[in-house]
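First to last, the protein sequences are chains F and A.
Number 44 in the UniProt record's numbering belongs to position 44 of the first sequence; there are no gaps in the numbering.
Number 114 in the UniProt record's numbering belongs to position 114 of the second sequence; there are no gaps in the numbering.
The beta carbon of each residue, even a glycine, is placed where N, CA and C say it ideally should be.
If you're wondering where the values come from, they're calculated on a predicted model, not measured in any experiment.
2 protein chains.
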Amino acid sequence: MATSRTLEPTPAPATACCAPLTGAPLSAEAAAALARTLKAVADPARLRLLSLIATHEGASACVCDLTGPLGLSQPTVSHHLKVLTEAGLLTREKRGTWAYFTLVPRALDALAAVLSSRTPGNAPA
Amino acid sequence: MATSRTLEPTPAPATACCAPLTGAPLSAEAAAALARTLKAVADPARLRLLSLIATHEGASACVCDLTGPLGLSQPTVSHHLKVLTEAGLLTREKRGTWAYFTLVPRALDALAAVLSSRTPGNAPA
DNA sequence: ACAGGACATCGACATGCGTCGATGAAGAGG
DNA sequence: CCTCTTCATCGACGCATGTCGATGTCCTGT
């Protein structure tokens with residue numbers, strides 16, 4: 001629904017950037033944004049997808065490589081991959097007939113940093 | 001449905017303990033357990049609850065302290081606190097008429113550690 | 001004993017979400 | 001040109017979940 005069409009594939013910037021969570025009370029907007037990203041990860045199928053892609057050769061895999069291990073239909077896998085991509089956790093690259101999905105390196109770490117009380121120390125890169 | 005009834009209030013031990021996620025493919029059971037804990041956190045109201053309790057004096061708060069800032073009804077807040085408690089993220093302590101909720105120190109960090117590719121290095125304690 | 005406050009539970013409602021089969025679009029190959 | 005494979009989208013179904021008002025339980029204070 002929304003207004004009309006969301007053409008941008010990644011409206012959410014992976015995470016609310018930097019909210020310690022245990023440091024200061026979250027605003028309603030920050031909580032909603034963070035929850036949206038967390039909801040993308042809080043699913044068994046999507047967790048396994050992230051894990052499968054991460055451990056795959058080259059850290060990238062196509063849909064046909066994932067339907068088997070997951071035991072889900074191709075449309076369902078495609079749907080989950082879209083959710084993860086829109087959450088900023090995966091990138092899609094079309095190579096000929098195949099679509100290869102690669103996980104965004106820093107995305108999961110950023111999400112983890114928000115949850116933990118942290119002290120990130122230094123910028124990783 | 002599961003089998004029948006889960007009488008134990010905390011069936012999930014906060015997290016699947018130690019699953020790098022980006023290290024080896026998750027099993028269906030591990031993914032389900034991890035998703036169950038993540039689902040408890042993937043909610044705006046519950047994220048704000050965690051944040052409010054963490055930043056509260058003594059890192060513990062009663063229900064009456066939380067309904068106001070959240071803007072939700074008392075039964076709803078009580079429900080969310082129950083979900084967080086059953087996920088192993090909060091502990092409930094009844095003091096007289098009031099019920100004080102405190103967040104389990106290591107729980108969020110453990111969850112964050114599973115998400116990030118990490119390198120735990122040393123036990124944080 | 002009685003009244004009042006704090007919290008949990010119950011039942012109900014609306015919405016969201018995961019899953020599938022069927023169909024459509026895009027490219028590779030004979 | 002035609003066919004086959006790969007993937008995305010559509011429509012639909014059923015279950016899970018967030019929210020509330022009403023009610024019940026426990027404790028405190030008069």
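Since residue i is in the beta strand (DSSP E), which residue starts that stretch and which ends it?
| i | result |
| --- | --- |
| S60(F) | 60-62 |
Cβ atoms of residue j and residue i: under 8 Å apart, would you say?
| i | j | result |
| --- | --- | --- |
| A28(F) | P44(A) | yes |
| L108(A) | L47(F) | no |
| L81(A) | F101(A) | yes |
| L103(F) | A54(F) | yes |
| A40(A) | L84(A) | yes |
| L26(A) | S60(F) | no |
| L49(A) | L66(A) | yes |
What's the C-alpha gap between residue i and residue j?
| i | j | result |
| --- | --- | --- |
| L115(A) | C62(A) | 30 Å |
| H56(F) | W98(A) | 51 Å |
| residue 165(A) | A112(A) | No answer is possible for residue 165(A): the residues shown for chain A start at 1 and end at 125. |
| L21(A) | G88(F) | 17 Å |
| A24(F) | G58(A) | 14 Å |
| C64(F) | Q74(F) | 8 Å |
| P105(F) | G96(A) | 49 Å |
| E93(F) | G68(A) | 47 Å |
| E86(F) | T37(A) | 22 Å |
| S117(A) | A42(F) | 17 Å |
| H79(A) | H79(F) | 31 Å |
Using the three-state DSSP reduction, which class does residue i fall into: helix, strand or coil?
| i | result |
| --- | --- |
| A91(F) | Sequence inspection shows Thr at residue 91(F); the Ala mentioned does not correspond to that position. It is a strand residue. |
| A99(F) | strand |
| V104(F) | coil |
| G23(A) | coil |
| residue 129(A) | Lying outside 1 to 125, the shown extent of chain A, residue 129(A) is not represented and no answer is given. |
| S51(A) | helix |
| G71(A) | coil |
| S117(A) | coil |
Go to residue i, then tell me how far its alpha helix (DSSP H) extends in each direction, as first and last residue.
| i | result |
| --- | --- |
| H80(F) | 74-86 |
Which residues, in order along the segment 25-37 of chain A, keep a beta-carbon less than 8 Å from a beta-carbon of chain F?
Those would be P25, L26, A28, A31, A32, L34, A35, in chain order.
Along the segment 39-59 of chain A, where does the CB come closer than 7 Å to a CB of chain F? Name the residues.
Of all residues in the segment 39-59 of chain A, only K39, V41, A42, D43, P44, L47, R48, L50, S51, L52, A54, T55 place a beta-carbon less than 7 Å from a beta-carbon of chain F.
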